[in-house]
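Under the numbering used here, the letters of the sequence shown match residues 119 to 287, in that order. So the structure is just underneath, and the comments pick up after that.
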Amino acid sequence: MGAGQSVPTDEKPKVVKIDRSDIPDAYKAVGVSDDVVRRVNQESSPGRDKKVEALATELVASQQENRQLREQMQQLTALQRRYATGQNVPAAETPEDVEEKKRIFEETVQRVEKQFFSYRRENACGDNEKEIVECLNKNKGKVLNCKALKPAYDTCIADFRNQVLAEAK
Numbered sequence: 119m120g121a122g123q124s125v126p127t128d129e130k131p132k133v134v135k136i137d138r139s140d141i142p143d144a145y146k147a148v149g150v151s152d153d154v155v156r157r158v159n160q161e162s163s164p165g166r167d168k169k170v171e172a173l174a175t176e177l178v179a180s181q182q183e184n185r186q187l188r189e190q191m192q193q194l195t196a197l198q199r200r201y202a203t204g205q206n207v208p209a210a211e212t213p214e215d216v217e218e219k220k221r222i223f224e225e226t227v228q229r230v231e232k233q234f235f236s237y238r239r240e241n242a243c244g245d246n247e248k249e250i251v252e253c254l255n256k257n258k259g260k261v262l263n264c265k266a267l268k269p270a271y272d273t274c275i276a277d278f279r280n281q282v283l284a285e286a287k
C-alpha cells in the first residue's frame with residue numbers, strides 16, 4: 119500500500135546547479151554578529167589554550183595527589199585493622215602503647231580528612247548569582263531586562279579563576 123510511490127523509479131540522483139549570476143545581490147552578503155566573531159576568536163586564541171593547559175595540568179596534579187592520599191589512607195586503615203585484630207603486634211608493646219598508636223592514627227586520619235577532603239572553595243560570585251536570580255524572578259519572561267547584570271558576573275568569574283590559578287602556582 120503506497121510502497122510503489124516511496125521507492126524511487128530512476129537510479130540517477132537529481133542534481134540542481136546554481137550559477138552565481140542566478141543568486142540575487144541581497145543574498146550575496148552574509149552578516150555575522152560581533153558575538154559570533156568574538157567567540158570564534160576566543161576559541162582560537164593562544165592565551166585560551168594556555169589557560170586550558172594550565173587547568174588541565176592542575177587537575178592532573180590534584181587527581182594524582184588525591185590518589186596518593188587515598189592509597190595512604192587505605193594502607194593506614196589496613197595497618198589499623200591488623201593491629202586491632204592482634205596480628206603482627208610486637209611482644210615488647212604493651213596494650214597501652216597499641217591504644218596510644220591507635221589514638222594517634224585516628225587523629226591523623228581526621229586531620230587528613232579535614233585538610234584535604236572537606237576543603238571547598240567559597241562561592242565568590244554568590245552575590246552576583248543571587249542578584250541575577252532575583253532579577254529573573256521579578257521579570258518572568260523578560261530575560262533581557264537582566265542583561266546588564268551579566269558582565270559583572272562574567273568579570274567576577276574570570277577574576278576568581280585567575281585567583282585560583284595564581285594560588286596553584
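Beta carbons are placed, not taken as given, at the ideal position from N, Cα and C, and that holds for glycine.
**Request:** Would you check if the distance between the CB atom of C243 and the CB atom of C274 is smaller than 7 Å?
**Result:** yes
**Request:** Could you have a look at C243 and say whether DSSP puts it in helix, strand or coil?
**Result:** coil
**K130 in three-state terms, based on DSSP** = coil
**Asked** Three-state secondary structure (DSSP) at N184?
**Response** helix
**Message:** Between C264, K260, Q233, which has its C-alpha nearest K248's C-alpha?
**Reply:** C264
**Item:** The alpha helix (DSSP H) enclosing V226, as first and last residue numbers
**Value:** Note that residue 226 is Thr in the sequence shown here, rather than Val. Segment 213 to 230, the alpha helix (DSSP H) holding T226.
**Prompt:** Leaving out the 5 sequence neighbours to the left and right, which residues in its chain are closer than 8 Å to Q261 when beta-carbon positions are compared?
**Reply:** Going by the sequence as given, residue 261 is Val instead of Gln. The answer, listed in chain order, is L254.
**Message:** Can you list, in chain order, the residues of its chain with a C-beta nearer than 7 Å to that of L173? Leave out the 5 residues immediately preceding and following it.
**Reply:** none
**Prompt:** Is it true that the CB of N246 sits closer than 7 Å to the CB of A276?
**Reply:** no
**Asked** Beta carbon of L187, beta carbon of F223: below 7 Å?
**Response** no
**Prompt:** Between the C-alpha atoms of V134 and P142, what's the straight-line distance to the nearest angstrom?
**Reply:** 17 Å
**Asked** Tell me which same chain residues have a C-beta within less than 7 Å of the C-beta of T226, skipping the five on either side of it?
**Response** none
**Request:** Output yes if chain D places a C-beta closer than 7 Å to the C-beta of F223; else output no.
**Result:** Absent from the structure: chain D. Only one protein chain is present.
**Item:** Three-state class that DSSP yields for K260 in the structure shown
**Value:** coil
**Length of the line joining the Cα atoms of N280 and A196** = 41 Å
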